[in-house]
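Engineer:
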Amino acid sequence: MKIYNEIKLAKELIRFQTIKTEDKGIIKFLIKKLSLIGFKCKIIKSKGLNSKPALNLFAKFGNSKPHINFLGHSDVVLNLNNWSVPPFKGVVRKGYLYGRGAQDMKGCIACWISAVSHFIKNKKFNGSLSIIIAADEETSSLGTPAVIKYLKNKREKIDFAIVGEPSSNKKVGDEIRIGRRGSMNAKLTVLGKSGHAAFFGSYKNPCTTLARIISKLKTVRLDNGTKYMPASNLEITKINVDNLSENVIPQSAEAHFNVRFNSTYSSLSLKKKLNKFISAIAKKDKCKFKIIYRVSGEAFYTKPNKDILMIKKTIKKTTNILTRFTCGGGTSDSRFLGKINRLELGLRNNTIHMVNEKTSISDMKKLTKIYYNILENYFK
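Residues 1 to 380 (the numbering used here) are what the sequence shown spells out, left to right.
(1) Where in the stretch 118 to 190 do unbroken runs of the beta strand (DSSP E), each at least 3 residues long, occur, reported from the N-terminal end onward?
(2) Tell me which same chain residues have a C-beta within less than 6 angstroms of the C-beta of L36, skipping the five on either side of it?
(3) Starting from C207 and walking both ways along the alpha helix (DSSP H), at which residues does that stretch end?
(4) Could you check where the alpha helix (DSSP H) with T368 kicks off and where it finishes?
(5) So the candidates are G225, L129, G143 and N349; which of them puts its Cα closest to the Cα of G173?
(6) Using C-beta distances below 7 angstroms, list every residue in its chain close to T237, excluding the 5 sequence neighbours before and after it, in chain order.
(7) Quick one: using the 10 Å Cβ neighbour count with 16 as the cut-off for buried, is T219 buried or exposed?
(8) So is N126 buried or exposed if we call it buried at 16+ other beta carbons inside 10 Å?
(9) Which same chain residues end up closer than 7 angstroms to I321 when comparing Cβ atoms and leaving out the 5 residues on each side of it in sequence?
(10) Here's a check: name, in chain order, each residue in its chain whose Cβ is nearer than 6 angstroms to the Cβ of E165, leaving out the five neighbours to either side.
(11) Looking at the structure shown, is C111 part of a helix, part of a strand, or coil, going by DSSP?
(12) Just confirm the distance between the C-beta atoms of I26 and L13, as a whole number of angstroms; I'd bet it's less than 8 angstroms.
(13) Return yes when the Cβ of V295 is within less than 8 angstroms of the Cβ of N79, no when it is not.
(14) Mind checking who F58 pairs with in its DSSP beta bridge?
(15) With a floor of 3 residues, list each beta strand (DSSP E) that falls wholly inside the stretch 292 to 329, ordered by position along the chain.
(16) Is the beta carbon of F289 closer than 8 angstroms to that of L222?
(17) Figure out for me which residue from K273, S267, N205 and D136 has the closest Cα to the Cα of S252.
(18) When the Cβ atoms of the stretch 232 to 251 are set against those of the stretch 188 to 202, are three or more pairs found closer than 8 angstroms?
(19) Would you check if the distance between the CB atom of G179 and the CB atom of C327 is smaller than 8 angstroms?
(20) Determine the extent of the alpha helix (DSSP H) in which S279 is found, giving its start and end residues.
(21) Can you check which of these residues, L309, I281 and K271, is closest to I292 by C-alpha distance?
(22) CB A10 to CB E357, shorter than 8 angstroms?
(23) So T144 and F277 are in contact, right, with Cβ under 8 angstroms, and what is the actual spacing, rounded?
(24) Figure out for me which residue from K216, I162, F88 and V92 has the closest Cα to the Cα of F70.
(25) Using a Cβ-Cβ cutoff of less than 8 angstroms, which residues in the same chain neighbour K317 once the five nearest sequence positions on both sides are dropped?
(26) Does DSSP put R93 in a helix, in a strand, or in coil?
(27) Do K28 and A59 have their beta-carbon atoms positioned less than 8 angstroms apart in this structure?
(28) For A231, which option in A299, V147 and S64 has the closest C-alpha, if you only look at C-alpha atoms?
(29) Using the beta-carbon count (16 or more within 10 Å), is L268 buried or exposed?
(30) Whose C-alpha, out of A146, C108 and Y4, is nearest the C-alpha of K47?
(31) Once DSSP output is grouped into helix, strand and coil, what is the label at K20?
(32) Roughly how many whole angstroms lie between the Cα atoms of L274 and I213?
(33) Near E235, what residues of its chain come up, given a Cβ to Cβ distance below 7 angstroms and the 5 sequence neighbours on each side ignored?
(34) Helix, strand or coil for A253, going by three-state DSSP, please let me know.
(35) From what residue to what residue does the alpha helix (DSSP H) around L30 run?
(36) Answer with buried or exposed for F119, where buried requires no fewer than 16 other C-beta atoms within 10 angstroms of its C-beta.
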């Protein structure tokens, strides 16, 4: 039975230039590696960029319960200029592995596969292991949703999932994400009546109304937060008035905003609350408005259960670190897992998306050991 070294495997994965949904052969490479340790692999295609299909992977070992899954993504961000090392070479220097994806998240994928290869060789267990590698986490949703749809059609049930996002802060394992805030963008257009600024009363100024709405949205307290999530926060991201003249009242004014909201709301209930504020001011000023919302992800969290508490104890026993539960960060592929119990546990996030992204070799070895011990405890 083959055993994989996490550092060597991470270097190999980094060398695939998987920007956006580009595959560059990484899925076939992973299929070869996973097949050698007994996984059955399936490529799941979804419509990719520039009419090229995005290639996602579902690999499974065993068919009995319980079924634990690892969710990762193969794509990486751009930001490739001004590196001191080649971003796709996988260079080790002074105890660090450099490369795009070293932390987010090819290093983590390598740690999981290494832990699994050791576990399968060393332990007899009742249950199943599976791995999802999505082609598209960084740009849109062509990855994990396609795999989840395939699993539903096959009536494949996952009991628990570990998402390999770089959740750790100062030390590996010091933070576990048990949820994420929701994210929603909006484009608000206030419609007034244009006119000459000298003739007060002949126009309805949409700029004034928009300013009042913005003031309201920024001063109102949406909620007080939850046990694991901070208070919901709204930020104005862009204001635009298409007006070429300084002494003419424009016909309309536009603002964009983003809301990071906690599990107090669904996106629908939050829309209703915001629309109520906006409508009251627009009505008072006798202006109309249009608003278009785009939801990036709903808020969710998994209440700490026996599996999550087991993982917390495993980290403490392995590293002597007391893990903190958080729901921080932006969005991740966790949002596509529906009601599956899950958490996010990966490498540190101090260099993700940056120039000279790197992860320490000791962090990788530590994470591999944590993953191995989690598997050992999960299948006891």
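C-beta atoms are modelled at their ideal positions from N, C-alpha and C, and glycine is treated no differently.
Structural biologist: Let's see:
(1) 128 to 134, 160 to 163 and 175 to 177
(2) K2
(3) P206 to T219
(4) I361 to Y378
(5) The residue with the shortest Cα to Cα distance from G173 is N349.
(6) H256, F257 and N258
(7) Flag for T219 reads exposed.
(8) exposed
(9) K171, G173, D174 and I315
(10) S332, E344 and G346
(11) helix
(12) 7 angstroms
(13) With respect to the 8 angstroms criterion, N79 and V295 are not classified as neighbours on the basis of their beta carbons.
(14) Residue pairing for F58: DSSP places it in a beta bridge opposite K42 and I132.
(15) 324 to 326
(16) No, the pair does not count as a contact, with Cβ atoms beyond the cut-off.
(17) N205
(18) In short, these stretches touch, since the Cβ pair count reaches three.
(19) yes
(20) S267 to K284
(21) K271
(22) no
(23) Between F277 and T144 the Cβ distance is about 34 angstroms, and since that is not below 8 angstroms, they are no contact.
(24) I162
(25) N373
(26) strand
(27) The Cβ atoms of A59 and K28 do not sit closer than 8 angstroms to each other.
(28) A299
(29) exposed
(30) A146
(31) coil
(32) 10 angstroms
(33) F257 and N258
(34) It is a strand residue.
(35) I26 to S35
(36) buried
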